[in-house]
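*Asks:*
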Amino acid sequence: MFVKKTEKTKGVLEVVCGSMFSGKTEELIRRLKRAEIAKLNVLAFKHSLDRVRAIEYVMSHSGSKIQAFEVGDPKIILDLVHDKTDIIGIDEVQFFSNDIVEVIFKLVDSGKRVIAAGLDLDFRGSPFGCMPALLAFADNVTKLKAVCVECGNDAQFTQRIVNNMPAKYNDPLIMIGAQECYQARCRNCYIIDKSVN
Ligand code: ADP
Ligand code: MG
Ligand code: ZN
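Mapping to this note's numbering: the sequence shown position 159 is 182, numbers consecutive.
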């Protein structure tokens with residue numbers, strides 16, 4: 024027997040990935056601002072170690088910004104999203120625990136458009152946390168490239184520099200007293216020393 028389809032439709036997951044400085048946050052903000060122009064109901068989130076902070080911003084390196092909730096536990100996103108929310112933007116999604124994958128699934132299943140932006144690789148050149156799963160489940164993936172600070176080619180790696188030297192694979196994530204920074208680099212210029220310290 025023919026069964027008429029219900030009105031209810033599922034949403035979509037869009038993932039924006041790439042190295043640091045590749046423009047992920049700019050692209051997320053661009054999509055969210057277009058949605059606001061279309062009078063859609065937008066909610067933005069970014070990761071924080073604290074519980075919840077209401078009035079914060081997702082901000083790009085070039086200065087564009089949009090208001091966002093800072094949340095630590097991904098499940099809080101489900102409490103903050105309401106029926107009227109059409110589009111959910113999540114920045115720095117790689118920092119969330121793996122629970123974010125199920126949270127995003129629930130949102131997409133309930134009809135929301137979710138745009139998740141995050142680093143696909145960590146500074147060690149390994150896939151970052153929840154990103155492989157999100158990339159696999161996504162309806163749509165955008166991989167952005169930065170400009171390599173060494174040679175000017177397209178960069179897809181994030182080089183960690185500690186005391187002016189490329190960080191080693193096994194360097195601790197927090198190095199007290201060390202001067203450190205991150206750079207965008209291409210495959211040729213990216214250096215990761217896997218020898219034990
Ligand atoms: P992401 O969120 O991917 O780290 P942002 O969207 O915050 O990136 O910032 C992108 C902006 O960073 C660029 O538009 C540019 O102004 C600036 N920028 C600084 N360094 C670089 C670089 N090496 N390559 C590309 N953009 C850079
Ligand atoms: Mg960013
Ligand atoms: Zn290069």
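In this text, a Cβ means the ideal position worked out from N, Cα and C, and glycines have one as well.
(1) What runs of the beta strand (DSSP E), each 3 residues or longer, lie entirely inside the segment 164-219?
(2) Short of 7 Å in beta carbon distance, which residues of its chain neighbour THR181, apart from the five on each side in sequence? Order them along the chain.
(3) If you follow the beta strand (DSSP E) that VAL39 is in, where does it begin and where does it stop?
(4) Could you name the residues that DSSP lists as bridge partners for GLN90?
(5) Just verifying my parser: in three-state terms, what is the DSSP assignment at ARG147?
(6) Is ALA58 helix, strand or coil when you go by DSSP?
(7) Given a threshold of 16 other Cβ atoms within 10 Å of its Cβ, counted over all protein chains shown, does GLY175 qualify as buried or as exposed?
(8) Pull every residue with its beta-carbon under 6 Å away from any heavy atom of the ligand ZN, and keep them in chain order.
(9) If we call anything under 7 Å between Cβ atoms a contact, is PRO97 one with ASP122?
(10) Given 8 Å as the limit, is there contact between the segment 52-65 and the segment 100-114, that is, 3 or more CB pairs closer than that?
(11) Helix, strand or coil: how does DSSP classify PHE128 here?
(12) In the DSSP assignment, find the beta strand (DSSP E) that holds LYS69 and state where it starts and stops.
(13) For the putative contact between GLN117 and PHE92, defined by C-beta atoms under 8 Å, what is the C-beta separation to the nearest angstrom?
(14) Which of the three DSSP states is assigned to ASP122 in this structure?
(15) Suppose you measure from the CA of LEU130 to the CA of SER218; what does that come to, to the nearest Å?
(16) Is any non-hydrogen atom of the ligand ADP found closer than 6 Å to the C-beta of THR48, if you look at the structure I gave you?
(17) Should ALA169 be listed as close to the ligand ADP, given that the test is whether its C-beta is under 6 Å from any heavy atom?
(18) Residues in the same chain with beta-carbon distance under 6 Å from ALA156, minus the five sequence neighbours each way, listed in chain order, please.
(19) Exposed or buried, what is ILE60 when buried is set at 16 or more other beta-carbons lying within 10 Å of its beta-carbon?
(20) What are the boundary residues of the alpha helix (DSSP H) that includes ASP102?
*Replies:* Looking at the atomic coordinates:
(1) 180-185, 203-208
(2) Residue mapping note: residue 181 aligns to position 158 of the sequence shown, counting from 1. Excluding residues within five positions, the ones whose Cβ falls inside 7 Å are SER42, MET43, LEU142, LEU144, PHE146, TYR205, ALA207.
(3) Your numbering for residue 39 matches position 16 in the sequence shown. Its beta strand (DSSP E) spans residues 35-41.
(4) On the sequence shown, residue 90 is found 67 positions in, with the first residue counted as 1. For GLN90, which the question treats as bridged, DSSP gives the partners TYR80.
(5) For the purposes of this step, residue 147 is taken as residue 124 along the sequence shown, with counting starting at 1. Of the three classes helix, strand and coil, the one that applies to ARG147 here is coil, per DSSP.
(6) Walking along the sequence shown from the start, residue 58 turns up at place 35. Here ALA58 sits in helix by DSSP.
(7) As a working mapping, residue 175 is identified with position 152 in the sequence shown. Counting Cβ neighbours within 10 Å, GLY175 comes out exposed, since fewer than 16 surround it.
(8) CYS171, GLU173, CYS174, ASN176, ARG208, CYS209, ASN211, CYS212
(9) As a first step, residue 97 must be located in the sequence shown, where it is residue number 74. As a first step, residue 122 must be located in the sequence shown, where it is residue number 99. In this structure, ASP122 lies closer than 7 Å to PRO97 by Cβ.
(10) yes
(11) Residue numbering aside, residue 128 sits at position 105 when the sequence shown is read from its first letter. Reduced to three states, the DSSP call for PHE128 is helix.
(12) Taking the sequence shown and counting its residues from 1, the one referred to as residue 69 is at position 46. LYS69 -> beta strand (DSSP E) spans 65-70.
(13) Within the sequence shown, numbered from 1, the residue matching residue 117 stands at position 94. Within the sequence shown, numbered from 1, the residue matching residue 92 stands at position 69. Not really, about 18 Å apart at Cβ, beyond 8 Å.
(14) Here residue 122 refers to the residue found at position 99 when the sequence shown is read from its first residue. Of the three classes helix, strand and coil, the one that applies to ASP122 here is helix, per DSSP.
(15) The residue labelled residue 130 in the question sits at position 107 within the sequence shown. The residue labelled residue 218 in the question sits at position 195 within the sequence shown. Approximately 43 Å, taken between the alpha carbons.
(16) Stepping through the sequence shown from its first residue, residue 48 is reached at position 25. Result yes, Cβ under 6 Å from the ligand ADP.
(17) Sequence index remark: in the sequence shown, residue 169 carries index 146 (1-based). Yes - the ligand ADP has a heavy atom lying nearer than 6 Å to the Cβ of ALA169.
(18) Indexing the sequence shown from 1 puts residue 156 at position 133. Correct list, in chain order: VAL124.
(19) On the sequence shown, position 37 is the one that residue 60 refers to. ILE60 is exposed by the Cβ-count criterion.
(20) Counted from its first residue, the sequence shown places residue 102 at position 79. It spans 98-103 - the alpha helix (DSSP H) in which ASP102 sits, taken as one unbroken run.
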